[in-house]
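Protein chains in written order, with my numbering: chain Z, 15 to 152; chain D, 15 to 152; chain F, 15 to 152.
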């Protein structure tokens, strides 16, 4: 069994931001030399997400507004977590969006559908945070 | 390491529909000959879901109404994504339900709890769409 | 390829309860002798969850209140599933929180970020229920 571990680092300019990381995952996969297996990609922080959806700016605005409706950032005092913190909402937003994706590796490629793109979803940014990539297979 | 890749195709009669795909996954697993490992099953489209829950019609109606409450289909104009599209809601519904499941394979069987059934969740149907099954192990 | 399968059993005192199971997973990993691979941990019941977030009591109260807002337990009659059942809400709460986590195994350790802790989320407790741990690798 082959395996590869890699960290991807991000420091977003905005509190909330979505970044397409599909090219980084393809690069990691090429480095691994793995042809058949599974790729796990997960946020290593609990206020961020890795998820798969469409790379379409209108949808990304819809997601932003929808998450603000389901778990509003403000007032910060609405969350008990926000004692010396202000990111209670980010823990909940990331729960909706999910921590991780598992992607099949087939013939040395990410086995994604035609519109599937992998995103890093930052909900408490403007500081350095990490994503883990782990690939196993042969 | 053994591996199997398979696509399952669906064309639902309704825009939104839930289909129990557990028997298809069991069949794929038998074909693979894998006794111990992991099975990944994911929607290859970003307006559909693969998830695990109960095969109980009342619950399925509850899920339909609940998702309509959290991410209503109409008016289509409520989503910025809906410029030449009408499926903004489906992207959000699938986000709630999840893209994928990973199921343990033990002694050549799907290692599911007594009520666990795997479903394809279609939220923008009436056209051909695919699910990916990838099994790795030995 | 090495593999380990283990069940963790729980019987919570309350209907809804969050339990940090990270130490149990570390123990299972040590037992497996696996150094590089993937660990799957999933609820075997469809009214419970395994998820990753912060071990912070304020956040756990926020999650409880937030889930009650998104999928209230009562009145039980609000769910069609609740014919001879009263746990319709638990099926939906677990959907939000997720069924499973996949964690990378690196150098014989769970490859978690600094604040990542794995939780069992019980939404219909006070009876015996199980979590599955499956580890594959080498």
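We treat Cβ as the ideally placed atom computed from N, Cα and C, and that holds for glycine.
Buried or exposed, going by whether 16 or more other CB atoms sit within 10 Å of the CB of residue i?
i                      : result
residue 64 of chain D  : buried
residue 46 of chain F  : buried
residue 160 of chain D : The requested residue 160 of chain D does not occur in the structure, where chain D is confined to residues 15 to 152.
residue 80 of chain D  : buried
residue 122 of chain Z : exposed
residue 34 of chain F  : exposed
residue 114 of chain F : buried
residue 107 of chain Z : buried
Are the CB atoms of residue j and residue i within a distance shorter than 9 Å?
i                      : j                      : result
residue 110 of chain F : residue 36 of chain Z  : no
residue 147 of chain Z : residue 52 of chain Z  : no
residue 143 of chain F : residue 25 of chain F  : yes
residue 77 of chain Z  : residue 60 of chain D  : no
residue 90 of chain D  : residue 68 of chain Z  : no
residue 150 of chain Z : residue 15 of chain Z  : yes
residue 50 of chain D  : residue 120 of chain D : yes
residue 139 of chain D : residue 62 of chain D  : yes
residue 136 of chain F : residue 30 of chain F  : yes
residue 83 of chain F  : residue 93 of chain F  : no
residue 145 of chain Z : residue 43 of chain Z  : no
residue 56 of chain Z  : residue 97 of chain F  : no
residue 112 of chain Z : residue 112 of chain F : yes
Kindly say whether residue i, judged by its beta-carbon, lies nearer than 9 Å to any beta-carbon of chain F.
i                      : result
residue 19 of chain Z  : yes
residue 109 of chain Z : yes
residue 52 of chain Z  : yes
residue 67 of chain D  : yes
residue 23 of chain D  : no
DSSP has residue i in a bridge; who is on the other side?
i                      : result
residue 146 of chain F : F:21 and F:56
residue 133 of chain F : F:34 and F:65
residue 120 of chain Z : Z:123
residue 115 of chain Z : Z:55
residue 16 of chain Z  : Z:151
Is there at least one Cβ from chain Z nearer than 9 Å to residue i's Cβ?
i                     : result
residue 97 of chain D : yes
residue 58 of chain D : yes
residue 40 of chain F : no
residue 31 of chain F : no
Chain D beta carbons: is any one of them nearer than 9 Å to that of residue i?
i                      : result
residue 114 of chain F : yes
residue 145 of chain Z : no
residue 105 of chain F : yes
residue 141 of chain F : no
residue 81 of chain F  : no
residue 148 of chain F : yes
Between residue i and chain B, is there a C-beta pair that is closer than 9 Å?
i                      : result
residue 118 of chain Z : Judged by its chain identifiers, the structure shown contains no chain B, and its protein chains are Z, D and F.
query = Where are the alpha helix (DSSP H) runs, 4 residues long or more, that stay fully inside the stretch 42-91 of chain F, in chain order?
reply = 71-84
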